[in-house]
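A.B. asks: Numbering-wise, numbering that gives the first Met the number 0 puts 181 at position 182 of the sequence shown, and it's gapless, one number per residue.
The structure is given below, and queries will be raised subsequently.
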Amino acid sequence: MSVTRCDIFCKVIDNYGDIGVCWRLARQLVAEHGLAVCLWVDDLAVFARLEGGVAVDVAVQEVAGVRICRWRDAVQAEAADLVIEAFACDPPEAYVRAMAARAHRPVWINLEYLTAEDWAAGSHALPSPHPRLPLVKHFFFPGFTPATGGLIRENRLVDTLHIFQSSASAQNAFWQRISGACVADEVLKISMFAYENAALPGLLDAWANGEREIFCAVTAGRHLPQIEAWLAAKGVANGGDMPARAHRPLPQVGRLRLAFLPFLSQQDYDLLLAACDLNFVRGEDSFVRAQWAARPLVWHIYQQDEGAHLPKLAAFLALYCKTLGEMESRALCKFWQAWEDEEGADACWPALLAELPGLQKHAQRWTKNLVSEPDLASKLLIFCKNLLECPAL
């Protein structure tokens, strides 16, 4: 038996993060590995914002070669060879029974959230027998080391972004298209995608009052009302929607110019990260994509009860800073901690700015090291192949 059909189940939990990961993986499995993939989604309306080709009122549709279906209709579906349950979302019970009824049991994968914590390597690929049915689920942990499941990375993605970064004309055309702005090479370009953060207004003040001219590309997201309120307090209009911005200057306060971007496709968001000198990202999907852009980043990790997210943040920083110089590491860690604490990011900004050249070189080395490992989709299919050949694994 070989894997030719794959079903991916995704519940849209945290806005666009979970569906963003699943959509990238689904497209890659189709385009690069030739699988017939069906993506089962519980919220087509949110998905449609992320992918403009998705129709919210169509039960079964195909976009980018991926069959997209409504979650509730999975109760009548025939189980696939490979079933990916994204982030413990619990596929419908009727579908699980259909899995058990197959003559050849499918490979059942629970795709876990990304972490750099040491325990992930020990938990990666562990089996979990179903309590009642003759099925075994395996945990698949994305990660940064060979002992984990790798990271989602499309073929030639990094090369494509590098070519884009090497072309001033391509970047100028990109900025014009998404913001209507001309951005000079010497301007520090920053992308901002975050959760609500009490440190944000103070950081904007530091940027506006600093010596370096800054262009901040503001994505759609939960941070947006804070930035609009900050501008309003300064007596500055936000520039309006995209059509209006094409005919008026972008809002500027001191040395800071802001561009409020439309909701970007995943492909355009990758280009945005590559076009900037520093990227503020949040959650998991944008966090990984920023690393493929080979640019310094600031991560706003998803907040969990009782600080459960803090070890995950510390584990990544420890791994990322292992080969950093002392000054660069201190500046980065202090700023990340201030951003996490939602206090003092403005005071930590000058040190981070001073170390950006060294952090840029480190980001390039980091990306090069990650690219030397197989990507998540490739490792996943190798794992499936081995499992089918030796079910006792």
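Ideal Cβ placement from N, Cα and C applies to all residues, glycine included.
What runs of the alpha helix (DSSP H), each 4 residues or longer, lie entirely inside the region 288-342?
C.D. replies: Listed in chain order, the complete alpha helix (DSSP H) runs (minimum 4 residues) inside the region 288-342 are 309-319 and 325-340.
A.B. asks: Can you check whether the CB of residue 35 is closer than 9 Å to the CB of residue 5?
C.D. replies: The residue given as residue 5 occupies position 6 in the sequence shown. The residue given as residue 35 occupies position 36 in the sequence shown. In contact: residue 5 and residue 35 (Cβ atoms closer than 9 Å).
A.B. asks: For the region 176-189 against the region 310-327, are there 3 or more C-beta pairs whose distance is under 8 Å?
C.D. replies: No, they do not touch.
A.B. asks: Compare the C-alpha of residue 277 against each of 69, 3 and 354 and name the closest.
C.D. replies: Numbered from its first residue, the sequence shown carries residue 277 at position 278. Considering only alpha carbons, the answer is 354.
A.B. asks: Just to confirm the assignment, what range does the beta strand (DSSP E) spanning residue 107 have?
C.D. replies: On the sequence shown, residue 107 is found 108 positions in, with the first residue counted as 1. Where residue 107 is concerned, the enclosing beta strand (DSSP E) stretches over 106-110.
A.B. asks: Tell me the DSSP secondary structure of residue 200 in three-state form.
C.D. replies: The sequence position of residue 200 within the sequence shown is 201, counting from 1. In the structure shown, residue 200 sits in a helix (DSSP, three-state: H, G or I).
A.B. asks: Can you check which of these residues, 141, 80 and 54, is closest to residue 2 by C-alpha distance?
C.D. replies: Here residue 2 is taken as the residue at index 3 of the sequence shown, counted from 1. Comparing Cα positions, the closest option is 80.
A.B. asks: Checking 9 Å against the spacing of the C-beta atoms, do residue 66 and residue 37 come in under that value?
C.D. replies: Numbered from its first residue, the sequence shown carries residue 66 at position 67. Numbered from its first residue, the sequence shown carries residue 37 at position 38. Closer than 9 Å, so yes.
A.B. asks: For the region 130-205, which segments carrying the alpha helix (DSSP H) assignment without a break, of at least 4 residues, lie completely within its bounds, in sequence order?
C.D. replies: You should have 156-164 and 167-178.
A.B. asks: Buried or exposed, going by whether 16 or more other CB atoms sit within 10 Å of the CB of residue 384?
C.D. replies: Along the sequence shown, read from residue 1 onward, the residue named residue 384 stands at position 385. Burial call: exposed.
A.B. asks: Checking 9 Å against the spacing of the C-beta atoms, do residue 376 and residue 27 come in under that value?
C.D. replies: As a first step, residue 376 must be located in the sequence shown, where it is residue number 377. As a first step, residue 27 must be located in the sequence shown, where it is residue number 28. Yes. Within cutoff.
A.B. asks: According to the Cβ coordinates, are residue 250 and residue 257 closer than 9 Å?
C.D. replies: For this step, residue 250 is matched to residue 251 along the sequence shown. For this step, residue 257 is matched to residue 258 along the sequence shown. Going by C-beta atoms, residue 250 is nearer than 9 Å to residue 257.
A.B. asks: Indicate whether residue 213 and residue 186 have their beta-carbon atoms separated by less than 9 Å.
C.D. replies: Taking the first residue of the sequence shown as position 1, residue 213 is located at position 214. Taking the first residue of the sequence shown as position 1, residue 186 is located at position 187. Cβ atoms of residue 213 and residue 186: closer than 9 Å.
A.B. asks: Could you give the distance in angstroms between the alpha-carbon of residue 330 and the alpha-carbon of residue 303?
C.D. replies: The sequence position of residue 330 within the sequence shown is 331, counting from 1. The sequence position of residue 303 within the sequence shown is 304, counting from 1. Going from the Cα of residue 330 to the Cα of residue 303 covers about 25 Å.
A.B. asks: What does residue 251 pair with, by DSSP beta-bridge criteria?
C.D. replies: Numbered from its first residue, the sequence shown carries residue 251 at position 252. BP columns for residue 251 point to 256.
A.B. asks: Check this for me: beta carbons of residue 137 and residue 130, under 9 Å apart or not?
C.D. replies: Along the sequence shown, read from residue 1 onward, the residue named residue 137 stands at position 138. Along the sequence shown, read from residue 1 onward, the residue named residue 130 stands at position 131. Contact flag unset, no.
A.B. asks: Go through its chain and collect everything with a Cβ distance to residue 78's Cβ below 6 Å, but skip five positions before and after it.
C.D. replies: Position 79 of the sequence shown holds residue 78. Excluding positions up to five away in sequence, the list reads 97, 98, 101 and 105.
A.B. asks: Can you give me the C-alpha to C-alpha distance between residue 328 and residue 363, rounded to a whole angstrom?
C.D. replies: Counting from 1 along the sequence shown, the entry for residue 328 is found at position 329. Counting from 1 along the sequence shown, the entry for residue 363 is found at position 364. C-alpha separation (whole angstroms): 15 Å.
A.B. asks: Would you kindly work out how many angstroms separate the C-alpha atoms of residue 86 and residue 24, rounded to a whole number?
C.D. replies: Working through the sequence shown from its first residue, we reach residue 86 at position 87. Working through the sequence shown from its first residue, we reach residue 24 at position 25. Taking the straight line joining both Cα atoms gives about 13 Å.
A.B. asks: Would you mind listing the beta strand (DSSP E) stretches within the region 10-72 that are 3+ residues and don't spill past its ends, in chain order?
C.D. replies: Qualifying beta strand (DSSP E) stretches, in chain order: 35-40, 59-62 and 65-69.
A.B. asks: Go to residue 215, then tell me how far its beta strand (DSSP E) extends in each direction, as first and last residue.
C.D. replies: Numbered from its first residue, the sequence shown carries residue 215 at position 216. Here the beta strand (DSSP E) through residue 215 covers 213-217.
A.B. asks: Do the CB positions of residue 59 and residue 53 come within less than 9 Å of each other?
C.D. replies: The residue you call residue 59 lines up with position 60 of the sequence shown. The residue you call residue 53 lines up with position 54 of the sequence shown. Contact: no.
A.B. asks: Using 10 angstroms around the beta-carbon of residue 285, count the other beta-carbons present and answer buried if the total reaches 16, otherwise exposed.
C.D. replies: Start at 1 with the first residue of the sequence shown, and residue 285 comes out as number 286. Buried, because 16 or more other Cβ atoms sit within 10 Å of the Cβ of residue 285.
A.B. asks: Is residue 127 helix, strand or coil when you go by DSSP?
C.D. replies: In the sequence shown, residue 127 corresponds to position 128, counting from 1. It is a strand residue.
A.B. asks: With burial defined as no fewer than 16 other Cβ atoms inside 10 Å of the residue's Cβ, what is the status of residue 144: buried or exposed?
C.D. replies: If you number the sequence shown from 1, residue 144 lands on position 145. Exposed: under 16 other Cβ atoms inside 10 Å.
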